[in-house]
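Have a look at the structure below, then the notes.
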Amino acid sequence: MSRWSHRHVLDLAAFSLADFTTVLELAQRFRSLPTSGARRLPALQGRLVTSLFFEPSTRTRSSFELAARRLSADVQSFSPASSSLSKGESLLDTARTYVAMGADVLVVRHACAGVPAAMARALDRSGERVAVLNGGDGLHSHPSQGLLDLLTLARWFEPTAPTPAALAGKRIVIVGDVLHSRVARSNLWALTACGADVVLCGPATLLPDGFAAFVQAPPPGQAHDPVECRGTIRIVRQLEEALPGADAVMTLRLQQERMHQHLLTSLDTYHRHYGISHQRLELCGKPVPVLHPGPVNRGVELSGALLDDPSCCLVEEQVRNGIPIRMALLYLLAAAEPDPFTAA
Ligand code: NCD
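The numbering of the sequence shown is the working numbering, which starts it at 268 and goes up by one.
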């Protein structure tokens with residue numbers, strides 16, 4: 268395993284190719300552990316993982332908590348509705364309260380971009396050793412989702428050696444509401460780092476032209492891009508043009524709760540132009556996998572029949588891969604042992 272230098276995981280823009288390789292390798296090893304019988308490794312025994320989710324979540328939160336338990340960590344979770352936030356306590360004071368109880372890792376989700384990074388900075392300044400893991404912040408970033416998508420694609424292309432190299436030169440089409448998607452932003456950093464060529468497809472209201480230059484400048488807050496040579500990003504407005512030659516299709520949820528203007532004519536019209544179905548997939552010219560981070564609007568981003576077809580729809584596979592990816596992240600941030608399997 269190569270050297271890991273991150274104190275926190277906030278944004279995949281900060282990841283080098285070696286970082287992606289480290290996470291994928293470790294996740295693949297965790298994934299191949301037996302799924303029945305003694306499923307726990309002692310790697311995080313005595314550590315406390317606290318999930319601070321200020322925004323709803325089905326998959327991410329439970330998957331982080333399960334991952335922490337599989338590594339024998341103690342797990343504590345916080346619900347905003349029943350907390351002192353409702354009595355006016357600030358976010359940072361809430362975080363400090365959990366750090367005072369001994370949290371080693373805070374997994375933080377918030378509707379505002381930058382909250383996990385601001386917490387990490389403030390806790391670093393006061394000398395705390397706690398690691399912050401971004402569980403999704405506003406429209407900005409969702410690192411663990413980007414990584415589990417990467418593992419899912421790498422395993423599709425190279426089932427026995429799912430490394431970042433499996434993505435090099437692949438054409439990945441990302442369809443839909445890119446504008447409101449932190450998942451798409453994390454995927455853009457991850458996929459281009461691995462040398463994939465990304466085609467973004469959607470209407471101009473949900474996919475502004477500026478996304479073509481998304482990874483061109485050094486990542487925000489960094490002097491240099493940690494990746495020497497990235498794949499490309501191209502914008503195409505019609506699926507009929509985007510799909511021929513595609514190696515995989517990633518769909519995104521229409522984030523209507525984040526749309527403050529009238530950006531869509533109707534869900535039916537969206538499905539007609541950008542919905543993915545078996546018939547649409549024939550345009551790719553070969554069998555390709557379809558991903559979606561969930562929750563899915565059935566019959567909108569994906570047809571019901573496609574969603575129920577595990578031979579090409581990898582939504583459940585993504586959920587499965589989320590656990591070893593999150594085990595890898597928690598292990599890298601919080602374990603004392605250099606190898607998780609030595610004490611197994
Ligand atoms: C995503 C999220 O919350 O960012 N879902 C997830 O974490 N699996 C995507 C979404 O809500 O559309």
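Idealized CB from N, CA, C, for every residue including glycine.
Which listed residue (the options) has its alpha carbon closest to that of residue i
| i | options | result |
| --- | --- | --- |
| L415 | G381, E292, K437, R363 | E292 |
| L569 | I590, S544, V582 | S544 |
| L458 | A428, S283, R274 | S283 |
| R274 | L446, A460, E395, T327 | E395 |
| P251 | C580, Q489, S408 | The chain is shown only over 268 to 611; residue 251 falls outside these bounds and no answer can be derived. |
| Q412 | P426, R388, R376, W423 | R376 |
| C461 | V276, A280, L600, S272 | A280 |
| F424 | C579, L600, L358 | C579 |
C-beta atoms of residue i and residue j nearer than 9 Å
| i | j | result |
| --- | --- | --- |
| P470 | R504 | yes |
| S351 | T317 | no |
| A435 | A463 | yes |
| G561 | V586 | yes |
| L519 | V442 | yes |
| D341 | G381 | no |
| V482 | A513 | no |
| A432 | M517 | no |
| G402 | F320 | yes |
| I500 | A484 | no |
Any non-hydrogen atom of the ligand NCD within 8 Å of residue i CB
| i | result |
| --- | --- |
| P493 | no |
| P429 | no |
| Q523 | no |
| L446 | no |
| R587 | no |
| H377 | no |
| S324 | yes |
| H327 | Looking at the sequence shown, residue 327 is not His but Thr. True, at least one ligand heavy atom lies under 8 Å from that Cβ. |
| R520 | yes |
| P562 | yes |
| R452 | no |
| H538 | no |
| G413 | no |
| R593 | no |
| R497 | no |
| H275 | no |
| H409 | yes |
| R501 | no |
Three-state secondary structure (DSSP) of residue i
| i | result |
| --- | --- |
| G477 | helix |
| F608 | coil |
| G571 | helix |
| N401 | strand |
| A335 | helix |
| R296 | helix |
| C496 | coil |
| V482 | coil |
| D514 | coil |
| Q522 | coil |
| D341 | strand |
Output the residue ranges of the alpha helix (DSSP H) runs that lie fully inside the segment 394-474 and measure 4 residues or longer, sorted by chain position.
410-424, 449-460
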